[in-house]
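>
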Amino acid sequence: MLAIIIAYVVVVLSIIIYFIIRHSSKEKFNVPGVNASDSKMGNLNDIGQAGSLHEYLTTLHKKFGPIVSFYWGQQRVVSIASPEAFHETRRLFDRPVSLFAQFDFLLNLNR
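The sequence shown begins at 0 in numbering that gives the first Met the number 0 and counts up by one.
(1) Using 10 angstroms around the beta-carbon of ILE46, count the other beta-carbons present and answer buried if the total reaches 16, otherwise exposed.
(2) From ILE15, LEU56, THR88 and PHE99, pick the residue whose C-alpha is nearest to that of TYR70; which is it?
(3) Near ASN34, what residues of its chain come up, given a Cβ to Cβ distance below 6 Å and the 5 sequence neighbours on each side ignored?
(4) When the Cα of LYS39 is compared with those of ARG75, LEU12 and PHE104, which residue comes out closest?
(5) Between ILE5 and ILE14, what straight-line distance do the alpha-carbon atoms span, to the nearest angstrom?
(6) Under the DSSP definition of a beta bridge, which residues are partnered with GLY41?
(7) From the DSSP output, read off the bridge partner residues of GLY32.
(8) Applying the 10 Å Cβ sphere with the 16-neighbour rule, what's the burial state of ILE20?
(9) In chain order, what residues of the same chain have a beta carbon less than 8 Å from the beta carbon of SER68, not counting five sequence neighbours either side?
(10) Does the beta-carbon of GLY50 have 16 or more other beta-carbons within 10 angstroms, so that it is buried, or is it exposed?
(11) State the Cα-Cα distance for the pair LEU1 and VAL9, rounded to the nearest angstrom.
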């Protein structure tokens, strides 16, 4: 009887832990923008259809305002169009490392 109760408690706790982890790992992102149109390419096809990155961002900013988000491949990117919005949101060290990976050779980080 005790083994059944222990098994029941373990199953219930496992289910609770699963849902807590699943809920907490969801991205909480309050920046307006578009969802990825492709799971691997993100919005790169949309950028190509718009003609250029500049034209795509101009369209997004007209639709959503001075701060928008879109997907560059699988990476979510935030675009800020006005100096006022930039000063409100800037953080010096809040940048993803992958953003600067293309410049590693310039900084000799891969010695």
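Quick reminder that beta carbons are idealized off the backbone N, C-alpha and C, glycines included.
Reading from the atomic positions:
(1) What you label residue 46 is simply residue 47 of the sequence shown in a count that begins at 1. Classification of ILE46: buried, given that the 10 Å Cβ count is 16 or more.
(2) As a working mapping, residue 70 is identified with position 71 in the sequence shown. Out of ILE15, LEU56, THR88 and PHE99, LEU56 has the C-alpha closest to the C-alpha of TYR70.
(3) Taking the first residue of the sequence shown as position 1, residue 34 is located at position 35. Here the set comprises nothing.
(4) The residue labelled residue 39 in the question sits at position 40 within the sequence shown. The shortest C-alpha separation from LYS39 is found at ARG75.
(5) Your numbering for residue 5 matches position 6 in the sequence shown. Your numbering for residue 14 matches position 15 in the sequence shown. C-alpha separation (whole angstroms): 14 Å.
(6) Position 42 of the sequence shown, counted from the start, is the residue given in the question as residue 41. ASP37 and TRP71.
(7) Your numbering for residue 32 matches position 33 in the sequence shown. In DSSP, GLY32 forms a bridge with SER68.
(8) Within the sequence shown, residue 20 is the residue found at index 21, counting from 1. Per the 10 Å Cβ criterion, exposed.
(9) For this step, residue 68 is matched to residue 69 along the sequence shown. Excluding positions up to five away in sequence, the list reads PHE28, VAL30, PRO31, GLY32, VAL33, ARG75, VAL76, VAL77 and SER78.
(10) Here residue 50 refers to the residue found at position 51 when the sequence shown is read from its first residue. That one is exposed.
(11) Here residue 1 is taken as the residue at index 2 of the sequence shown, counted from 1. Here residue 9 is taken as the residue at index 10 of the sequence shown, counted from 1. Roughly 12 Å separates the two Cα atoms.
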